[in-house]
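These notes are about the structure you will find just below.
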Amino acid sequence: ETGVTQTPRHLVMGMTNKKSLKCEQHLGHNAMYWYKQSAKKPLELMFVYNFKEQTENNSVPSRFSPECPNSSHLFLHLHTLQPEDSALYLCASSQVIKSDTQYFGPGTRLTVL
Amino acid sequence: EDQVTQSPEALRLQEGESSSLNCSYTVSGLRGLFWYRQDPGKGPEFLFTLYSAGEEKEKERLKATLTKKESFLHITAPKPEDSATYLCAVQAGRNYGQNFVFGPGTRLSVLP
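Those protein sequence lines, which keep their order, are chains X and W. So the first sequence is numbered by the working numbering: it starts at 80 and just counts up by one. So the second sequence is numbered by the working numbering: it starts at 4 and just counts up by one.
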């Protein structure tokens with residue numbers, strides 16, 4: 080599935096670093112999502128953007144900061160992370176008018192040292 | 004609170020041995036139930052969306068069904084390449100793009 084791309088695919092960072100994850104969707108969708116997937120836990124919805132407006136923030140710590148400049152691009156800015164933030168971060172998109180079916184990218188495997 | 008459970012947690016089948024995976028949900032105002040397949044280290048791959056009780060969808064060896072309280076993913080004559088984690092998710096509420104809840108998944112292994 081190449082409709083949703085994510086970069087980088089792997090990222091190792093220290094607790095004092097600042098980095099950003101990038102997501103781009105080529106499906107013409109109008110909603111984008113960030114999920115966190117930790118070992119042995121279900122996918123956790125972090126942020127939702129509909130038509131570039133943030134509509135959901137599931138009590139995510141402020142060290143995670145999303146940005147959605149347009150309906151095709153989504154960023155997740157990271158700063159002063161903790162080791163427990165190590166996980167697979169997944170981006171998804173959907174066309175909310177016709178169907179809320181979400182299509183996922185390959186994910187970014189993040190390791191915080 | 005919206006909840007999704009899946010059973011079994013893990014399932015090992017011999018090639019050709021048919022079985023079913025279960026997804027039970029407790030939500031108010033179901034708008035859709037989704038099945039995904041996820042391979043290790045990769046993003047979930049969309050399989051099916053079901054919207055109302057009684058609905059069924061098929062794709063190759065997979066068939067998904069929906070009742071008012073649960074969904075089943077039936078796997079007929081599985082092959083080793085069907086080995087993956089199968090995720091169920093529900094969406095509830097009035098607003099588009101919100102209130103998605105995923106289950107913990109069923110890890111399926113199909114042995115040759």
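All residues carry an ideal CB built from backbone N, CA and C; glycine is no exception.
7 Å Cβ cutoff, residue i in contact with chain X
i, result
"F105(W)", "yes"
"F49(W)", "yes"
"G32(W)", "no"
Within chain W, partners of residue i - CB distance below 8 Å
i, result
"P185(X)", "K45 and G46"
"L155(X)", "Residues of chain W passing the Cβ test: none, with the nearest at roughly 15 Å."
"L169(X)", "G46 and P47"
Range covered by the beta strand (DSSP E) that runs through residue i
i, result
"R88(X)", "Note, R88(X): premise wrong, no beta strand (DSSP E); not H, not E."
"S86(W)", "Unbroken run through S86(W): none, as it is neither H nor E."
"T159(X)", "No beta strand (DSSP E) contains T159(X), which DSSP labels as neither H nor E."
"V127(X)", "E123 to N129"
"T70(W)", "Premise fails: T70(W) is in no beta strand (DSSP E) and is neither H nor E."
"A171(X)", "A166 to Q174"
"S99(X)", "K97 to Q104"
"T190(X)", "T187 to V191"
"N136(X)", "E132 to N136"
"N149(X)", "F143 to N149"
"V104(W)", "F103 to F105"
"A13(W)", "A13 to Q17"
Test: residue i CB closer than 7 Å to a CB of chain W
i, result
"L124(X)", "yes"
"L90(X)", "no"
"L106(X)", "no"
"P87(X)", "no"
"P121(X)", "yes"
Amino acids of chain W, ordered along the chain, whose beta-carbon sits closer than 7 Å to that of residue i
i, result
"Q145(X)", "Here residue 145(X) is Pro; the residue named in the question, Gln, does not match the sequence. Within chain W, no residue comes near P145(X); the closest Cβ sits about 14 Å away, beyond 7 Å."
Proximal residues of chain W, C-beta to C-beta of residue i below 9 Å
i, result
"R188(X)", "G44"
Under 8 Å by beta carbon: chain X residues contacting residue i
i, result
"G19(W)", "Going along chain X, no residue has its Cβ under 8 Å from G19(W), so there is no contact; the nearest lies around 28 Å."
Residue i: CB within 6 Å of a non-hydrogen atom of the ligand ZN
i, result
"S173(X)", "Judged by which ligands are present, the structure shown has none, so any question about the ligand ZN falls away."
Contacts that residue i makes with chain X (C-beta to C-beta distance below 9 Å)
i, result
"G57(W)", "Residues of chain X passing the Cβ test: none, with the nearest at roughly 19 Å."
Residues that residue i bridges to, as DSSP identifies them
i, result
"Q116(X)", "L167(X)"
"T29(W)", "Q6(W)"
"A95(W)", "L33(W)"
In the segment 68-94 of chain W, which residues sit with their C-beta less than 9 Å from some C-beta in chain B, listed in chain order? Annotation note: the requested chain B is absent from the structure, which comprises protein chains X and W.
Cβ pair count under 8 Å reaching 3, the segment 84-97 of chain X against the segment 158-173 of chain X: Yes: at least three Cβ pairs fall under 8 Å.
Specify whether the segment 84-94 of chain W and the segment 34-43 of chain W touch according to this definition: at least 3 beta carbon pairs, one from each stretch, less than 8 Å apart. Yes, since at least three Cβ pairs between the segment 84-94 of chain W and the segment 34-43 of chain W fall closer than 8 Å, the two stretches touch.
Is it a yes or a no for the segment 72-83 of chain W touching the segment 12-25 of chain W, going by three-plus beta-carbon pairs under 8 Å? yes
Cβ pair count under 8 Å reaching 3, the segment 99-113 of chain X against the segment 136-154 of chain X: yes
Quick check: the segment 8-24 of chain W against the segment 101-110 of chain W, are there 3 or more CB pairs under 8 Å? yes
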